[in-house]
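Read in order, the letters of the sequence shown correspond to residues 42 to 393 in the numbering used here.
Think of the CB as a built atom: it goes at the ideal place given N, C-alpha and C, for glycine as much as any other residue.
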Amino acid sequence: MIKSELQQNEDVRNLSYDELVKYCEGMGEKAFRATQILEWIYEKNAWSFDEMSNLSQPLREKLKQDLILQRNSIAQKQISEDGTTKFLFDLYDHEKVESVLIPTEKRTTACISTQAGCKFGCKFCASGIGGWKRNLTCAEIVTQVLHVKEEALKHKRPLTNIVFMGTGENFDNYDNLMKAIRIINSDKGINIGARHITISTVGVVPKIKELAQEGLQVELAISLHGYDNPSRNVLMPVNKKYPFDELIAACREYVRLTKRQITFEYILIKDVTCTENAVQALKKAFRGIICKMNLIPYNPVSEFDHKTPSKEEMLKFKNSLEASGIHATIRTPRGKDVNAACGQLRHKHLEK
Ligand code: SF4
Numbered sequence: 042m043i044k045s046e047l048q049q050n051e052d053v054r055n056l057s058y059d060e061l062v063k064y065c066e067g068m069g070e071k072a073f074r075a076t077q078i079l080e081w082i083y084e085k086n087a088w089s090f091d092e093m094s095n096l097s098q099p100l101r102e103k104l105k106q107d108l109i110l111q112r113n114s115i116a117q118k119q120i121s122e123d124g125t126t127k128f129l130f131d132l133y134d135h136e137k138v139e140s141v142l143i144p145t146e147k148r149t150t151a152c153i154s155t156q157a158g159c160k161f162g163c164k165f166c167a168s169g170i171g172g173w174k175r176n177l178t179c180a181e182i183v184t185q186v187l188h189v190k191e192e193a194l195k196h197k198r199p200l201t202n203i204v205f206m207g208t209g210e211n212f213d214n215y216d217n218l219m220k221a222i223r224i225i226n227s228d229k230g231i232n233i234g235a236r237h238i239t240i241s242t243v244g245v246v247p248k249i250k251e252l253a254q255e256g257l258q259v260e261l262a263i264s265l266h267g268y269d270n271p272s273r274n275v276l277m278p279v280n281k282k283y284p285f286d287e288l289i290a291a292c293r294e295y296v297r298l299t300k301r302q303i304t305f306e307y308i309l310i311k312d313v314t315c316t317e318n319a320v321q322a323l324k325k326a327f328r329g330i331i332c333k334m335n336l337i338p339y340n341p342v343s344e345f346d347h348k349t350p351s352k353e354e355m356l357k358f359k360n361s362l363e364a365s366g367i368h369a370t371i372r373t374p375r376g377k378d379v380n381a382a383c384g385q386l387r388h389k390h391l392e393k
């Protein structure tokens with residue numbers, strides 16, 4: 042990307058390695074300068090061009106004129122008793138986005154947002170309540186990862202995993218997401234293995250098909266939350282556009298083309314999704330799909346009237362799935378004391 046092709050106020054984290062090489066060469070600099078700049082940003086966690094001490098002063102000045110590199114401002118930061126740390130970032134236009142650092146015994150995960158607000162309006166999620174505001178840029182996605190990585194390193198924990206499960210429907214911002222993933226995955230970027238990156242979707246069928254063609258070894262998680270059209274319609278308006286059978290067919294095709302396992306996310310709501318009928322329907326639907334299920338106890342949001350099943354009810358549901366040959370785990374809710382479920386911190390902030 043040469044200088045004249047840059048947007049006004051272009052953030053350097055919007056540029057791929059190839060684009061930065063083109064920019065450097067366009068200014069009469071050698072290509073290796075691009076590598077040095079990216080090393081400062083993604084390996085050494087630099088937040089300004091002034092820190093890049095192996096670049097000449099005139100080059101640093103040119104970079105400062107053409108490109109932006111700065112921290113997000115943090116509107117709120119909450120640390121849970123279990124170490125889960127939640128950030129609410131204030132973007133340049135005062136839109137707010139959430140990111141979460143989730144440390145567990147084996148891994149350190151960043152949960153990242155791709156949109157400010159969300160238009161999909163799932164009936165268990167705080168993110169959709171205020172509606173959709175805008176898509177995040179590639180740089181805004183990557184910068185959340187850099188902040189979470191920095192926080193993790195303060196606790197001497199290298200960042201190992203990324204999950205795109207924050208605010209927004211990821212496939213509604215497909216191009217920026219893919220560019221950000223390539224930067225996160227690249228050895229000239231944040232260098233996190235593709236198999237350690239999970240993209241979650243509510244089931245935007247055309248994009249599931251597109252992802253199958255990308256040749257990326259990322260993990261795909263489908264927010265299923267229903268076992269047929271009527272049960273899915275209760276929670277997920279997107280089911281009207283992409284009905285249950287169409288979604289399951291796209292998943293089957295995805296597994297056939299990529300040979301990769303799919304994770305189905307499934308919220309356990311008392312008397313709605315946590316029933317024996319559901320087990321039988323899921324068993325039939327998943328025939329021929331390599332998959333596992335993540336069972337998520339419903340995390341109450343004041344606007345919705347659903348209830349969390351008892352521990353016994355949840356365990357019975359899981360055992361019943363396992364007996365039907367479907368591998369399932371009940372996820373432990375993390376950071377309950379810091380509103381760590383999707384969109385809750387942002388929603389509480391907007392309410393105020
Ligand atoms: S679950 Fe995801 S897609 Fe649904 S409203 Fe929340 S952020 Fe949007």
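Tell me which residue opens and which closes the beta strand (DSSP E) that residue i is part of.
i	result
Asn360	Asn360 -> not in any beta strand (DSSP E); alpha helix (DSSP H) instead, spanning Lys352 to Ala364.
Lys174	Trp173 to Asn176
Gln156	Gln156 to Gly158
Phe130	Thr126 to Asp131
Ser20	Residue 20 is absent from the model: the chain starts at 42 and stops at 393.
Ile231	First-last for Ile231: undefined, no H or E at that position.
Ile203	Asn202 to Phe205
For residue i versus residue j, is the C-beta distance shorter than 7 Å?
i	j	result
Glu51	Leu108	yes
Thr304	Asn335	yes
Thr208	Glu139	yes
Gly162	Gly171	no
Thr242	Asn211	yes
Arg129	Gln117	For the sequence presented, residue 129 should be read as Leu rather than Arg. Result yes, Cβ atoms of Leu129 and Gln117 sit closer than 7 Å.
Lys63	Met93	no
Met310	Tyr339	Checking the sequence, you will find Ile at residue 310 rather than Met. Closer than 7 Å, so yes.
Leu142	Ala180	no
Ser351	Val320	no
Lys174	Glu136	yes
Asn274	Thr178	no
Thr150	Asn202	yes
Leu276	His266	yes
Thr155	Leu218	yes
Arg372	Gly329	no
Lys44	Gly69	no
Ile233	Ile225	yes
Glu31	Val342	In the structure displayed, the chain extends from 42 to 393; residue 31 sits before or after that span and is not available.
Glu306	Ser264	yes
Leu110	Ser89	yes
Ile367	Ala326	no
Leu257	Ala235	yes
Ile331	Gln302	yes
Gly244	Val279	yes
Glu191	Asn86	yes
Ser365	Lys333	no
Tyr58	Lys164	no
Tyr215	Lys248	yes
Gln106	Ile153	no
Ala369	Lys359	yes
In terms of residue numbering, what span does the alpha helix (DSSP H) encompassing residue i cover?
i	result
Pro338	Premise fails: Pro338 lies in the beta strand (DSSP E), Cys332 to Pro338, not in any alpha helix (DSSP H).
Ala167	Note, Ala167: premise wrong, no alpha helix (DSSP H); not H, not E.
Leu261	No alpha helix (DSSP H) contains Leu261, which is instead part of the beta strand (DSSP E) from Glu260 to Ser264.
Gln185	Cys179 to Lys195
Lys282	Val279 to Lys282
Pro271	Asn270 to Leu276
Ala253	Val246 to Ala253
Ala221	Tyr215 to Asn226
What are the residues that DSSP puts in a beta bridge with residue i?
i	result
Glu210	Paired residues: none, contrary to the question.
Ile143	Thr150
Gln119	Lys127
Ile371	Leu336
Glu51	Leu108
Lys137	Asp131
Can you determine whether any heavy atom of the ligand SAM sits closer than 6 Å to the C-beta of residue i, and answer yes or no?
i	result
Ser168	The ligand SAM is not part of this structure, which contains only the ligand SF4.
Subject >> Segments of 4+ residues assigned as alpha helix (DSSP H) that fall wholly inside the stretch 66-117 >> reply: At a cut-off of 4 residues, the continuous stretches assigned as alpha helix (DSSP H) that sit fully inside the stretch 66-117 are 73-79 and 98-107.
Subject >> Complete runs of the alpha helix (DSSP H) confined to the stretch 280-331 [at least 4 residues] >> reply: Within the stretch 280-331, the runs of alpha helix (DSSP H) that reach at least 4 residues and sit entirely inside it are, in chain order, 285-299 and 317-326.
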